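Visitor:
In this note's numbering, the protein residues as written are 332 to 484.
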């Protein structure tokens, strides 16, 4: 009995197996591309939130000190009281940012900070890490790629 069953059982042809593997490969490619796009979108949103959070801390610094940290003082001024050309007499005890919270962008690079003491510009070079192309993220947000120097509140 068993021999008759196996003798009459038919396997898949090579063509059927190749078609099935091709369809699985195409479906897998589609799924992977959607997952990757979602991941990049999440990283971009995270970066925008980080830039806004840093801007809020910088505005708090300016409320106490009367100026934004200069480009030379950088974001480190949110952790350590700046010294040099301009000093803050009302610097918050403990700073404005926990040293453990010093953010890097979602792609592992440091944010680029520029300021003349009156306005600020921050930038992430985005997913590709290359400065000056359309995937760069800036604060204040700009309509075009690259940084925009706009006065802040």
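A virtual CB, placed ideally from N, CA and C, is assigned to each residue, including glycine.
Bear in mind the structure is a predicted one, so any value in this text is a computation, not a measurement.
Excluding the five sequence neighbours on either side, which residues of its own chain have a C-beta within less than 8 angstroms of the C-beta of residue 379, listed in chain order?
Guide: Excluding residues within five positions, the ones whose Cβ falls inside 8 angstroms are 468, 472.
Visitor: Just to check my reading of the structure: residue 398 and residue 408 have Cβ atoms closer than 8 angstroms, yes? What is that Cβ distance to the nearest angstrom?
Guide: With a Cβ gap of about 10 angstroms, residue 398 and residue 408 do not count as contacting.
Visitor: Going by DSSP, what residue range makes up the alpha helix (DSSP H) through residue 384?
Guide: First-last of the alpha helix (DSSP H) with residue 384: 345–396.
Visitor: Out of 435, 388, 426, which has the shortest C-alpha to C-alpha gap to residue 460?
Guide: Of 435, 388, 426, the residue nearest in Cα terms is 435.
Visitor: Is the Cβ-Cβ distance between residue 455 and residue 402 less than 8 angstroms?
Guide: Not closer than 8 angstroms, so no.
Visitor: Going by C-alpha distance, which of 441, 458, 424 is nearest residue 405?
Guide: Out of 441, 458, 424, 441 has the C-alpha closest to the C-alpha of residue 405.
Visitor: Which word fits residue 427, buried or exposed, when buried means at least 16 other C-beta atoms lie within 10 angstroms of its C-beta?
Guide: Residue 427 should be labelled buried.
Visitor: By the 10 Å Cβ neighbour count, where 16 or more other Cβ atoms means buried, how is residue 413 classified, buried or exposed?
Guide: Buried: at least 16 other Cβ atoms inside 10 Å.
Visitor: Helix, strand or coil for residue 428? Go by DSSP, reduced to three states.
Guide: Reduced to three states, the DSSP call for residue 428 is coil.
Visitor: What is the residue span of the beta strand (DSSP E) that residue 444 lies within?
Guide: Start and end: 443–446.
Visitor: Quick one: Cα of residue 421 to Cα of residue 358, how far?
Guide: Between residue 421 and residue 358, the C-alpha separation is close to 60 angstroms.
Visitor: According to DSSP, which residues form a beta bridge with residue 469?
Guide: Residue 469 pairs with 454.
Visitor: Which residues in the same chain have their Cβ closer than 6 angstroms to the Cβ of residue 382, if we skip the five residues on either side of it in sequence?
Guide: For residue 382, where only same-chain residues beyond five positions count, the Cβ hits under 6 angstroms are 453, 470.
Visitor: Sort 373, 464, 450 by Cα distance to residue 438 and report the nearest one.
Guide: Cα-wise, what sits closest to residue 438 is 373.
Visitor: When you compare only the Cα positions, how much space is there between residue 285 and residue 417?
Guide: Here the chain has residues from 332 to 484 only, and residue 285 is not among them.
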